[in-house]
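Input: a single structure, listed below in structure tokens.
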Amino acid sequence: MKKATLTLFSVVLATSFTIAQSLDEGIKFLYYERTKSATETLEKVVASNSKDPKSIYWLGQAYLAADDIAKAKALYQKALTDGVNDPWIWVGMGHVELLEGGDKNAARQRFDQAITAVTPTKGKNKGNPDPDILNAVGRANADGSSQQGDIAYGIEKLKQAQALNTTDPDIDINLGKSYLKKGSEGGGQAVEAFTDATVRNPQYAAAYFRIGRVYQSQNNLEYMNEWYGKAIAADPTYAPVYLAYFNYYKERDVNAAKEYLDKYVANADKDCATEYFVADYLYRAGKNQESIAKAKEMENGACKDYARINIIYAYNYNKLGDNASAEEAIKKFFSNPNPGKIDPSDYVIGATIYSKDSLMRDSAVALLQKAYETDTVRANKQMYVDSISAVYKRAKNYPKRLEWVAKSYAMSANPTNRDIYDYGEAAYFAQDCQLADSLFKLYQQKFPDQIYGPLWQYKTAQACDTSMTNGLIVAPAINYINFLKTDTVKYKPTLVQVNGVLAGYYANTKKDVDSAIYYLQQILVYDPTNPDAAKYIDILQKSKQKKSGTANDKEPADKTKSKTGSGKK
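So the sequence shown is residues -20 to -1, 1 to 549, counted in mature numbering (1 follows the signal peptide of the UniProt record, and there is no 0).
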């Protein structure tokens, strides 16, 4: 009997060891971002022990990694219904609620409940929560976009886990991801966290990779290559770094992109995502028909429900000029109830397609706004803002264009001449005269050798005082003339035109004959044979003589404002 009992105990022990080993394998597959392998492994683990909360939690994480929130939610809800009322499941449900955009406070209550349940009230660990649960809470808040989760709360729990467990690098990874959700201001702290992960485990390729991604987001190619290289050196089988290189090069060097894609395929799961990247490469290589054929092959096979097939169609049909098919494909993608993780670039291609349809421009802007909200890279955010303003420019909605150009300008730490020009031009077309004038004055101050400052101050004055009754044109016109005098040969036609405008203003609005004659005489300085100037000088002089009965030559009212020219010939 004793022998039978020992045998039974040995079987149970061996089974438990096998389950634990398989659970660790599933978690390891998630680390390598091999979602298909992780899901298959963890589903077997849960099938063999359906009441184990930790196994259920990690299977739900595999579903979330596959962007199947609904499946993860159903799994966790079933566990609770089946009586698996455990901190692991509470954290999993809170994670799902955050990704669904639910009540952050409700999710936090679940997290706090879980932490309290795993905090000993006596013994050597009294008051110290299980760091694995703390890490799971941090993971939940680190996941998703910057709009999802409670960043400060997640960081607090991860720092606590970091202090309690000084060896697990995954805690540092989640901490770094949390800092990145703060935007560019969190980049330095994120790198510190990822660096600590490399200290905890020098072979932890994900940490080096994450540092490389931070530098890539800053367009620092040298440091990106350094840290991606360290990731590969630490673990050549870590596929995500090859995918990152593929995505980097696919719009720059398709041959390099193909090299890294091949390495990715060799180390990644053979799943729909891998097939998608092959189709994406074919598009980038200009092989549109082959890319479309690959998408159709996926659609007719095991990947028929893979939502991103329509992204491939959208890119290719847009490139081929088939906007109707491109629009149909992108509408299918965004109307899919389970599209998976939507990348900011998906919103961009959608906006590109919609912006070509005058009836869909509002939808184009809405997609670009979503890209702006979900992308954490500052340079990308500014690109989306610029794209939104471009859509409004094409639609001739100048007030809305000005609103978005202003946002872009505010994001520029050191505005360039182009930044100032675009902002001023947007203000001009939106008829914000004061803003336009101030911006082009700033332009002239910073770039005095360029014509655009004086030119657009002049244009702004013309646009904002079309009747010229307020005299707004005078100072900008004289300022413009003074610039044009730097090259009287090149700017001869413009000098004639602007002096003519001033002559007309003084003759018709101000009734100042002497000043009108002065600016007509200036025309003859640059164009001595100009018949109109000579004719109107004669008319004005005769008119003056007729009114006064004399031929007195009065000094023109605004003559002194011009830097050169006496007005006497």
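C-beta: ideal position from N, C-alpha, C; glycine also.
For the ligand ATP, is there a heavy atom less than 7 Å away from the beta-carbon of residue i?
| i | result |
| --- | --- |
| Lys210 | Among the components modelled here there is no ligand, and therefore nothing to report on the ligand ATP. |
Where residue i and residue j are concerned, what is the direct C-alpha to C-alpha distance, given to the nearest angstrom?
| i | j | result |
| --- | --- | --- |
| Thr146 | Arg88 | 25 Å |
| Ala359 | Glu353 | 13 Å |
| residue 627 | Gln198 | Absent from the structure is residue 627, since the part of the chain shown begins at -20 and ends at 549. |
| Phe9 | Leu415 | 57 Å |
| Gly103 | Met278 | 57 Å |
| Lys238 | Pro220 | 15 Å |
| Ile69 | Tyr12 | 23 Å |
| Val98 | Tyr286 | 39 Å |
| Asp467 | Tyr498 | 21 Å |
| Lys490 | Thr449 | 8 Å |
| residue 554 | Gly82 | Outside the shown range of the chain, which is -20 to 549, sits residue 554, and nothing can be said about it. |
| Leu55 | Ser158 | 26 Å |
| Lys543 | Leu464 | Only weak support exists for where Lys543 lies, its pLDDT of 41 falling under 50; the coordinates are left without a value. |
| Asn377 | Lys387 | 16 Å |
| Asp302 | Glu308 | 10 Å |
| Pro456 | Ala441 | 7 Å |
| Glu255 | Pro182 | 32 Å |
| Asn459 | Val371 | 34 Å |
| residue 558 | Gly433 | Here the chain covers residues -20 to 549 and nothing more, so residue 558 does not appear. |
| Gln437 | Ala86 | 56 Å |
| Asp507 | Asp412 | 35 Å |
| Val245 | Leu201 | 24 Å |
| Gly134 | Gly124 | 13 Å |
| Leu348 | Ile151 | 33 Å |
| Asn247 | Ala273 | 25 Å |
| Thr175 | Val194 | 12 Å |
| Ser271 | Tyr203 | 33 Å |
Suppose contacts are defined by Cβ-Cβ distances below 8 Å. Is residue i in contact with residue j by that definition?
| i | j | result |
| --- | --- | --- |
| Lys373 | Tyr408 | no |
| Ile400 | Tyr364 | no |
| Val71 | Ala141 | no |
| Phe226 | Tyr208 | no |
| Gly168 | Thr356 | no |
| Phe314 | Ile291 | no |
| Val64 | Lys31 | yes |
| Ala170 | Gly192 | no |
| Ile461 | Val478 | yes |
| Lys161 | Ala122 | yes |
| Ala351 | Leu382 | no |
| Ile503 | Val476 | yes |
| Gly107 | Phe91 | no |
| Ile259 | Ala275 | The sequence given here places Ala at residue 259; Ile does not occur at that position. A contact, by the Cβ cut-off of 8 Å. |
| Ile36 | Leu79 | no |
| Arg341 | Ala306 | no |
Could you say which of the options lies nearest to residue i if we only look at CA atoms?
| i | options | result |
| --- | --- | --- |
| residue 558 | Thr61, Ser2, Lys524, Gly433 | Any answer about residue 558 is impossible in this case: the structure gives the chain only from -20 up to 549. |
| Pro216 | Ala185, Gln196, Val505, Tyr203 | Ala185 |
| Arg14 | Ala253, Lys376, Pro428, Lys311 | Ala253 |
| Asn268 | Ala282, Pro33, Glu255, Tyr293 | Tyr293 |
| Tyr403 | Ala375, Ser369, Leu435 | Ser369 |
| Asn316 | Arg288, Ala306, Asn296, Ser338 | Arg288 |
| Ala393 | Glu405, Ala211, Leu339, Gln362 | Gln362 |
| Leu339 | Ala304, Asp326, Lys321 | Ala304 |
| Ala177 | Ala214, Gln196, Leu452 | Ala214 |
| Asn510 | Gln525, Ser523, Pro473 | Pro473 |
Near residue i, what residues of its chain come up, given a Cβ to Cβ distance below 7 Å and the 5 sequence neighbours on each side ignored?
| i | result |
| --- | --- |
| Gln127 | Glu353 |
| Glu23 | Leu39 |
| Lys137 | Leu114, Val117, Gly118 |
| Ser17 | Phe9, Asp249 |
| Tyr261 | Lys230, Ala237, Lys238, Leu241 |
| Lys470 | none |
| Thr21 | Ser2, Glu5, Gly6, Phe9 |
| Asp130 | Lys84, Arg88, Asn121 |
| Asn154 | Asn115, Gly118, Arg119, Ala122, Leu138 |
| Tyr295 | Tyr263, Ile329 |
| Pro149 | Ala177, Arg180, Asn181, Tyr184, Ala187 |
| Lys336 | Asn303 |
| Lys311 | none |
Who are the near neighbours of residue i in its chain, counting only those whose CB is closer than 6 Å to its CB and skipping five residues on each side?
| i | result |
| --- | --- |
| Ser343 | Tyr334 |
| Lys51 | Tyr43 |
| Ser546 | The predicted model places Ser546 with a pLDDT of 36, which falls under 50 and marks its position as unreliable; any figure quoted below should be read in that light. Hits under 6 Å: none found. |
| Pro67 | Ala94, Ala97, Val98, Ile113 |
| Leu(-13) | Reliability of the predicted coordinates at Leu(-13) is poor, the pLDDT of 46 falling under 50, and no value is obtained from them. |
| Asn397 | Phe427 |
When the cut-off is 8 Å and only beta carbons count, does residue i lie next to chain B?
| i | result |
| --- | --- |
| Asp260 | The chain inventory of the structure shown lacks chain B, comprising one protein chain alone. |
Who are the Cβ neighbours of residue i in its own chain at under 8 Å, not counting the five residues just before and after it?
| i | result |
| --- | --- |
| Lys299 | Tyr263, Asn268 |
Alpha helix (DSSP H) segments (min. 4 residues) lying fully within the stretch 217 to 263
220 to 229, 234 to 247
Which full runs of the alpha helix (DSSP H) of 4+ residues lie inside the stretch 501 to 531, going along the chain?
511 to 528
What runs of the alpha helix (DSSP H), each 4 residues or longer, lie entirely inside the stretch 130 to 160?
131 to 144, 149 to 160
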